[in-house]
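Reading the sequence shown from the start, the letters are residues 2 to 345 in my numbering.
For reference, the structure discussed in these notes is given below.
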Amino acid sequence: MDAMSIGILTSGGDCPGLNAVIRGAVLKGIQIYGKEFVGFKDGWRGVVDGDIVPLERKDIQGIAKQGGTILGTSRTNPFEGDGGPDRIKENMDRLGIESLIAIGGEGTLAAAKRLTDAGIKIVGVPKTVDNDLSATDYTFGFDTAVQIATDAMDRLRTTGDSHGRCMVAEVMGRHVGWIALHSGMAAGAHAILIPEQKTSIDQIVEWVQSARDRGRAPLVVVAEGFKLDTMDDAHSERGLDAFGRPRLGGIGDVLAPEIEARTGIETRATTLGHIQRGGTPTAYDRVLATRYGMAAVDSVVHNRWGRMVSLSGTSITHVAFEDALGKLNTVPQSRYDEAAILFG
Ligand code: F6P
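In structure tokens form, the structure reads like this:
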């Protein structure tokens, strides 16, 4: 490769819209700025190993509607093992790569900040289905996850109605309950349990019983990071992930027998899990992701290193990594109170 190119990586948990970001960046970069691109395979792993694939116009054709990421992803920490800034700089020089567009969540952006501080030219694109980054109004992938969860709950409600059962739907949301809040409101849930609001089993049972008393088959939505008022930590039975964080999941299965025992209503739990992160992105996410990709290339061209593109209202802007990190976008009390009017 003669000209210096821009390297793109997708890192951390995947979500629908990653490919639309890649396409937006490459298309604008080629058409408007005459730039060249390569893709790193499997997130920071590819950056540390110097594992690249071509990203020409033909490689990104038609991918905006494809789920997942054509580049692959991993939860590799670029500072572990053989990693670190020296190794990464060496790889970039050898491969003729001048800068990086890192598409990822908080872990990815924290690593990107450390690498920026070490002199590597990086711009970030926020990604998380959980919508837990505070420096952007919305992250792409969230809208798709909410739609998938809502569709699933609509289905759970018809089978719940047929059997007169209480249905517990567990959705993603490690630290924040946005997916639960939005899908629960959309599906008309009788209780929405989120990490921001510890709740007693007595209160949950009251909501379930009240829905049943009105002749409804109760639907309870619970985010995986939810804690009962008796719990110190979120429910985890699956060990740790590569960043040493507990793998969550299973709180729905903890709650269902409790609800059944206390109400006498037959109760079933369904964990939606990775279905929420798979498949075709919604139109909203495709548009947002495409705009993020284009804005990331603008940032590269304008040397806005150490900054992440973000959505503010309907405009795309940019914020420093340090301002984007460390503060979670939690569900405000007012949004929870508003949803709670519909409980029971
Ligand atoms: O951060 C996004 C997320 O989907 C969380 O909601 C969830 O806890 C985690 O990723 C699951 O990670 P993995 O795909 O590594 O199991």
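We put the beta carbon where it would ideally sit given N, CA and C, even for glycine.
Q) How many Å lie between residue 327 and residue 224 at the Cα? A) 21 Å
**Q.** Alpha-carbon to alpha-carbon, residue 85 and residue 170
**A.** 41 Å
**Q.** Contacting residues, own chain, Cβ-Cβ under 8 Å from residue 345 (five flanking each side not counted)
**A.** 191, 192, 207, 208, 211 and 212
Q: Have a look at residue 182 and residue 36 and give me their C-alpha separation to the nearest angstrom.
A: 41 Å
**Q.** Any non-hydrogen atom of ligand 1 closer than 7 Å to residue 249 Cβ
**A.** yes
Q: Please list, in chain order, all residues of the same chain as residue 257 whose beta carbon is under 6 Å from its beta carbon, the five residues on each side excluded.
A: 169, 268 and 270
(Q) Just to check my reading of the structure: residue 49 and residue 24 have Cβ atoms closer than 8 Å, yes? What is that Cβ distance to the nearest angstrom? (A) Approximately 25 Å separates the beta-carbon atoms of residue 49 and residue 24; this is outside 8 Å, ruling out the contact.
Q) What is the rounded straight-line gap between the Cα of residue 196 and the Cα of residue 228? A) 6 Å
Q.
Excluding the 5 residues flanking residue 289 on each side, which residues of the same chain have their C-beta closer than 6 Å to its C-beta?
A. 141
Q) Should residue 220 and residue 156 be called a contact, given that it needs their Cβ atoms to be closer than 8 Å? A) no
Q) So what does residue 127 bridge to, in DSSP terms? A) As computed with DSSP, residue 127 is found in a beta bridge with 105.
Q.
Please state whether the Cβ-Cβ distance between residue 5 and residue 91 is less than 8 Å.
A. no
**Q.** Backbone CA spacing between residue 116 and residue 230 [nearest angstrom]
**A.** 40 Å
Q: Determine which residues share a DSSP beta bridge with residue 134 and list them.
A: 329
Q: Tell whether a beta-carbon distance below 8 Å holds between residue 335 and residue 319.
A: no
Q.
I'd like the list of long-range same chain contacts for residue 8, defined as Cβ closer than 8 Å, with 5 residues on each side in sequence excluded.
A. 38, 39, 40, 41, 48, 53, 93, 96, 98, 100, 101 and 102
**Q.** Same chain, Cβ closer than 6 Å to residue 346, neighbours up to 5 away in sequence not counted
**A.** Missing from the structure shown is residue 346; the chain here goes from 2 to 345 and no further.
Q) From residue 240 to residue 248, what distance separates their C-alpha atoms? A) Roughly 6 Å separates the two Cα atoms.
Q: Compute the beta-carbon to beta-carbon distance between residue 309 and residue 127, rounded to the nearest angstrom, for a pair I have assumed lies under 8 Å.
A: 6 Å
Q. Is any heavy atom in ligand 1 found nearer than 7 Å to the beta carbon of residue 183?
A. no
Q. Does DSSP put residue 212 in a helix, a strand or coil?
A. helix
**Q.** residue 40 (DSSP reduced to helix, strand or coil)
**A.** strand
Q. Going straight from the alpha carbon of residue 338 to that of residue 179, what length do you get?
A. Cα to Cα, residue 338 sits roughly 14 Å from residue 179.
Q: Go through its chain and collect everything with a Cβ distance to residue 287's Cβ below 6 Å, but skip five positions before and after it.
A: Within the same chain, residue 287 has close Cβ partners 21 and 65.
Q) DSSP state of residue 57, grouped into three classes? A) coil
Q. Can we count residue 46 as close to ligand 1, meaning its CB is less than 7 Å from some heavy atom?
A. No - ligand 1 has no heavy atom lying nearer than 7 Å to the Cβ of residue 46.
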